[in-house]
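Notes to accompany the following structure.
There are 2 protein chains.
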Amino acid sequence: MSASHSRAHDLTRGGSLVPAWVKQASRAVLNPIVRGALAIGLTANAITVLGLLVTVAAAVVIGSGALLAGAAILLAGSALDAVDGAIARANGGGTAFGSFLDSTLDRASEAILYLGVAAFLLRFVTDPMLPVLGVMAALAGSFLVSYAHARAQGIGLEASVGLAPRTERLVIIIAGIALAGLGWLPGLLGAIGLVAILTVVTAIQRIWHVYRSTAAAATAHANDITEHGDQRG
Amino acid sequence: MSASHSRAHDLTRGGSLVPAWVKQASRAVLNPIVRGALAIGLTANAITVLGLLVTVAAAVVIGSGALLAGAAILLAGSALDAVDGAIARANGGGTAFGSFLDSTLDRASEAILYLGVAAFLLRFVTDPMLPVLGVMAALAGSFLVSYAHARAQGIGLEASVGLAPRTERLVIIIAGIALAGLGWLPGLLGAIGLVAILTVVTAIQRIWHVYRSTAAAATAHANDITEHGDQRG
């Protein structure tokens, strides 16, 4: 009866951390779960919050040193990414608030994951200075990429360009956590450095993309003025 | 002659880290600098990038342990916040790209400042675990506050509510850095903890605010449908 659910909204609800084919296969498995969640009245937003709580659990487990268990929890939690979207669609399309909540909590999830990785490094690595600064750079770079995207949308532009959207950077970090859990710490350190570099480059790409887009719009606008003799712009 | 500068844009170019009366007084001092920058053709965007470079310098100085010098550089750099806005206005109003660049580099500046503080803690504090995790939480919370704001604007809402906009959190962190530089480390640790708590609370406030705003809009929309008998919404 509520009008809020009838307003279908552009539903680009946060990327998943798994490739498309895994996602499709998992959706087949997840369909009964989606139906069950719908039956007991769980909303897409409740699932989104649940996804955040799973990440908190994974971060605590990683910070305690149980890296493989943490990576497994993160992988299981990624299923919720698919479920909340499916539930939103089953309810007739996501709401503007659902989209806002999903992407804002995606950022919070990333931050909490990096806090767990930093806690692990601070506790178990002999000289954690560079790795921890790397984690902070990866966190800041990831946020910058998403912030530039949101800010570009605010001025009516699309800025999805770049090497490191959320899916890719999560796959890299989870792989690094798993490698360190198997005893190969350089795998985690390399993953952190890779994400830090990719995200900073992506952020610069997005700034450049917005610059080019606004410059092109201004030129087109200026030509328009010249052609039509409008002095006011 | 360019049309891009004639299109005055809503110019909320990043908060400054000083109170309004200091800002006004400094503007009187800065006016000659603004005129000089205009005379040699420096644009508002060039000043914005210069402000980022000053923060990088401050972060390196802080990371090396010279906290008072770092705090002084940060204060001097804050003047650039006022100058870029003044130059944009003198050039006939800021551009959409200028506004995008300014707020995106504000985020990058905050991240770089926190990296410098974390480097200091990792090098000079005996047990840096909790302080460094606190710095990461403050960084993540600050980003979340700004991200929620940008994301809310993207769906047509204003979400400026909250306890910790950029000005306040920078004042707190710079005061903490100065106190630690004067030999009282708990001042810095307290500042970090305070910013972490304030920003996380502010982020939650903003999410709640967007939830209330969209729920209110949906209710108004539903009432509208009921009154006018429109079934389609």
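Chains as they are written, first to last, in the working numbering: chain X, 2 to 234; chain Y, 2 to 234. Every residue, glycine too, gets a C-beta built ideally from N, C-alpha and C. The structure presented is a predicted model; accordingly, all values stated were derived computationally and were not measured.
So with CB distances below 9 Å, who are the chain X contacts of residue i?
i	result
Y/V211	A97, F98, F101, L102 and T105
Y/F125	Per Cβ cutoff of 9 Å: no residues; Y/F125 is ~11 Å from chain X at best.
Y/I193	The contacting residues do not exist; Y/I193 stays about 13 Å from chain X at best.
Taking 7 Å as the CB-CB limit, is residue i close to chain X?
i	result
Y/R14	Here the model assigns Y/R14 a pLDDT of 39, short of 50, so the residue's position is not dependable and the matter cannot be decided.
Y/I156	yes
Y/L116	yes
Y/V90	It is worth fixing the name first, because residue 90 of chain Y is Arg in this sequence and not Val. False, the Cβ-Cβ gap to chain X never drops below 7 Å.
Y/R170	no
Y/A21	no
Y/D11	Only weak support exists for where Y/D11 lies, its pLDDT of 34 falling under 50; the value from the coordinates is given anyway. No - not a single Cβ of chain X is within 7 Å of the one on Y/D11.
Using 8 Å for Cβ pairs, my map puts residue i next to residue j. What's the rounded Cβ distance?
i	j	result
X/V35	X/A87	5 Å
X/G94	X/A45	Contact doesn't hold; Cβ gap of about 10 Å is too wide.
X/I174	X/L114	7 Å
X/R207	X/V162	6 Å
X/G182	X/A120	Not really, about 15 Å apart at Cβ, beyond 8 Å.
X/R170	X/L189	Between X/L189 and X/R170 the Cβ distance is about 14 Å, and since that is not below 8 Å, they are no contact.
Y/V62	Y/I74	6 Å
Y/A160	Y/V196	Incorrect: roughly 19 Å between the Cβ atoms, too far for contact.
Y/M130	X/R167	That pair is no contact at about 27 Å.
Y/G71	Y/G52	So it is not a contact: roughly 15 Å between Cβ atoms.
X/A91	X/L39	6 Å
I'd like to know if residue i contacts chain Y, where contact means its C-beta is closer than 7 Å to some C-beta of that chain.
i	result
X/R152	yes
X/T215	yes
X/R167	no
What residues of chain Y sit near residue i, judged by a beta carbon separation below 8 Å?
i	result
X/S147	Y148
X/V133	A119, L123 and V133
X/A109	A141, L145 and A204
Tell me the DSSP secondary structure of residue i in three-state form.
i	result
X/L76	helix
Y/V118	helix
Y/V235	The question about residue 235 of chain Y has no answer, for chain Y in this structure spans 2 to 234.
X/W185	coil
X/P166	coil
X/A67	coil
X/G94	coil
Y/T44	coil
X/E159	coil
Y/A9	Here the model assigns Y/A9 a pLDDT of 33, short of 50, so the residue's position is not dependable and the matter cannot be decided.
Residues of chain Y with CB under 9 Å from residue i, in chain order?
i	result
X/L140	A112, M137, L140, A141 and F144
Residue i touches chain Y at which residues, Cβ-Cβ below 7 Å?
i	result
X/I208	L102 and T105
Name the chain X residues that come within less than 7 Å of residue i, Cβ to Cβ?
i	result
Y/P187	Chain X residues near Y/P187: none, gap ~20 Å exceeds 7 Å.
List, in chain order, every chain X residue whose beta-carbon is nearer than 8 Å to that of residue i.
i	result
Y/P1	Absent from the model: residue 1 of chain Y. The displayed extent of chain Y is 2 to 234, so no value can be given.
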